[in-house]
Amino acid sequence: MSEIVTPGWSPDRGKFLYDQAFLRNVVTVDGKPEIIDNLKLNPTAGDFRRHGEYVMAGRTHISTVTCLEPGLTDDHIDQVRDLVRSHEGGESQLWGSVSRTNRPGFTVRALANRTEDLMHLTTSVADFIRGEFRGQGPIHLRKY
């Protein structure tokens, strides 16, 4: 499961701000919640503007990738961490981290200034998991 939150697009190429984004994802296994992820962004609020550098490290875009996979090992998570590190920096100043979940799985959270860079990271993680556990090739999304 993944999502990317961006500031949007404006015809005059100016920054387009949203008032608030609130994402709540609940992943259940056998009817019991395993992962509850709440992300609330309010870029027009005074505190957010004042502490935006702290909250988003000066970035404008955020992405989350969550994966639960019964066969996942610490070695797989290390490989995902290496993938994230390989995408860090660059033009959009991508920065990310990987957190292990209670069940075999992980969550990647990344910040950047360009949708394309977060999308590339997201598909790289998905391609790794698809190849490792499903024997599937890279995913092809029509927009990117």
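Throughout, the working numbering is defined as the position within the sequence shown, counted from one, plus 24.
In this text, a Cβ means the ideal position worked out from N, Cα and C, and glycines have one as well.
As the structure is a prediction and not an experimental result, all values here were calculated from the model.
| Check | Outcome |
| --- | --- |
| Cα-Cα separation, D98 to A150 | 17 Å |
| Whole-angstrom distance between D106 and G55, CA atom to CA atom | 33 Å |
| Residue interval of the alpha helix (DSSP H) (run including D141) | 139–153 |
| Those residues which DSSP pairs with D61 across a bridge | N49 |
| Alpha-carbon spacing of D43 relative to I163, whole angstroms | 32 Å |
| The region 102–121 / the region 48–68 touching (three or more Cβ pairs under 8 Å) | no |
| According to DSSP, residues forming a beta bridge with E27 | T88 |
| Close Cβ partners of P128 (< 8 Å) along its chain, the five nearest in sequence each way excluded | L92, E93, P94, G95, L96, T97 |
| 6 Å Cβ shell around Q160 - same chain, five flanking residues per side excluded | R154 |
| Whole-Å CB distance - R133 paired with T88, under 8 Å assumed | 5 Å |
| Buried versus exposed call for R48 [16 or more other C-beta atoms within 10 Å across all chains shown] | exposed |
| Three-state class that DSSP yields for R109 in the structure shown | helix |
| Cβ-based neighbour list, T52, same chain, cut-off 8 Å, excluding 5 preceding and 5 following | E58 |
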